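FYI, the working numbering numbers position 11 of the sequence shown as 16, with every residue one higher than the one before it.
Quick notes on the structure that follows.
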Amino acid sequence: MNLIQNIFSVFRQNKKIGIALGGGVARGIAHIGVLKVLKKHKIPIDFLAGTSSGALIGSLFSAGMEPDAMEAAAHRLGWFRFVRIIMSRHGAASTDEIKNFIIKNVGNIKFSELQIPFAAVASDLRTGEEVVLREGSVADAVAASCSVPGVFCPVKKDPYLLIDGGLVNNVPTSVVKSMGADFVVAVDVVPAKPLKDELKNAFQNFGRMFDLAQKKLSEEGRRLSDVLIEPDIPQDIWHIDVDKSARLIKVGEEAAESRILEIKAKLFL
């Protein structure tokens, strides 16, 4: 090994690499495609943080679940198998099925048992502050991070009343950096392009409004990243379209492949 190779080897060893997976409800399935590509190209991952659906996918990966197995699970997933309707005064659905999905696939594990250090980002409904979850039950933390207000009931975790982390930090690059990463690949699955077609109904109007707000909330996370991956989410895939997992995973793979040379160059891999 020559001198230059020795220098690059030392540089690589000193770099701690983190992945920040953003929220986006069903569009978060695209994260599976990104992780497939990172694993295929043997990109080491030292830390991982996720918000909302990014927390769900990130927790499974951090627990050791292979992306191919996640893909198979996503193809079997149906919205009404993932949501248990309860019609409480605090929300229409319980987060129990989210917790059950985690437990079914990787067990009822604690953060201390994960293979990769992981954090789930939630919001405190009482104060509006970010809450980073890194202790206790992984399933409980992910459920809190995914608890979209108005749909899911908030999750009580004293002294907090937790809801979806996308309201405070939708692309949690800052969280991964605080965990110890000095090189962060961030993945933003909220569509960025102007709409080509007219919106069809009030649900899509609300969804588009939510996307635009989240894009604003993602600006810091995007800016702080060393490499930003943005899957090209088709306009006809909306927040609850979990049945379109194959297309979402494909665009995730394509977006990651388009950045893989940049990642390798910056890491001297």
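In this text, a Cβ means the ideal position worked out from N, Cα and C, and glycines have one as well.
None of these values were measured; they are calculated from a predicted model.
May I have the straight-line CA-CA distance separating residue i from residue j, to the nearest angstrom?
i    : j    : result
M70  : N110 : 8 Å
F123 : A186 : 12 Å
G23  : K269 : 14 Å
G159 : D101 : In the sequence under discussion, the amino acid at residue 159 is Pro, which differs from the Gly named in the question. In a straight line, the C-alpha of P159 is about 12 Å away from that of D101.
V15  : A148 : Here the model assigns V15 a pLDDT of 49, short of 50, so the residue's position is not dependable and the matter cannot be decided.
K47  : N206 : 43 Å
V39  : A260 : 7 Å
R144 : I242 : Checking the sequence, you will find Ala at residue 144 rather than Arg. If you take the alpha carbons of A144 and I242, they lie about 26 Å apart.
A127 : V156 : 15 Å
W84  : P72  : Residue confidence for W84 is low, a pLDDT of 49 falling below 50, so the modelled location carries little weight and cannot support an answer.
K296 : V173 : The structure shown does not extend to residue 296, since the chain spans only 6 to 274, so no value can be given for it.
P154 : K44  : 34 Å
A77  : K162 : 32 Å
R228 : Y165 : 29 Å
L130 : G112 : 28 Å
I5   : K198 : Outside the shown range of the chain, which is 6 to 274, sits residue 5, and nothing can be said about it.
R264 : E135 : 29 Å
S117 : I245 : 32 Å
V137 : L61  : 14 Å
H80  : S64  : 18 Å
Mapping the DSSP letters down to three states, classify residue i as helix, strand or coil.
i    : result
L172 : helix
W84  : Because W84 sits at a pLDDT of 49, beneath the cut-off of 50, its placement in the model cannot be relied upon, and the following sentence gives the value as read from the coordinates. W84: helix per DSSP, three-state reduction.
P72  : helix
S150 : helix
T178 : helix
I254 : helix
G155 : coil
A260 : helix
K104 : helix
F123 : strand
H244 : coil
L266 : helix
G29  : coil
F66  : helix
L272 : helix
D58  : Rather than Asp, the amino acid found at residue 58 in this sequence is Ser. Correct three-state label for S58: helix.
Using a Cβ-Cβ cut-off of 6 Å (strictly less than) and excluding sequence neighbours within five positions of residue i, which residues of its own chain qualify?
i    : result
G171 : G28, T56, S57, Q219
D237 : V256
A279 : The structure shown does not extend to residue 279, since the chain is modelled only from 6 to 274, so the question has no answer here.
L119 : S67, A68
L274 : none
M6   : At M6 the pLDDT is 49, less than 50, meaning the model places this residue with poor confidence and gives no usable figure here.
G133 : none
R32  : V194, I238
Can you check DSSP and say which residues form a bridge with residue i?
i    : result
D129 : L167
F115 : Reading off the sequence shown, one finds Lys at residue 115, where the question assumed Phe. Looking at the DSSP assignment, K115 forms a beta bridge with S142.
I23  : First, the residue type needs correcting, since residue 23 is Gly and not Ile in the sequence shown. Paired residue(s): F52, V189.
I234 : V192
E135 : S128
K44  : DSSP lists no partner for K44.
K162 : Y165
Using a Cβ-Cβ cutoff of less than 7 Å, which residues in the same chain neighbour residue i once the five nearest sequence positions on both sides are dropped?
i    : result
D216 : V195, P196
E267 : V232
Leaving aside the five residues before and after residue i along the sequence, list all residues of the same chain whose C-beta is less than 8 Å from its C-beta, in chain order.
i    : result
I121 : I50, D51, F52, L53, F66, S67
S230 : A25, V176, T178, V189, V190, A191
L204 : N210, R213
K21  : D51, F52, G185, A186, D187, F188
K41  : P72, D73, E76, I254, G257, E258, A261
K182 : G23, V189, L229
For the ligand GTP, is there a heavy atom less than 7 Å away from the beta-carbon of residue i?
i   : result
H80 : Here there are no bound small molecules, and the ligand GTP is not part of this structure.
**Asked** Whole beta strand (DSSP E) runs in the segment 184-223 with 3 or more residues, listed along the chain?
**Response** Entirely contained in the segment 184-223, the beta strand (DSSP E) runs reaching 3 residues are, in chain order, 188-192.
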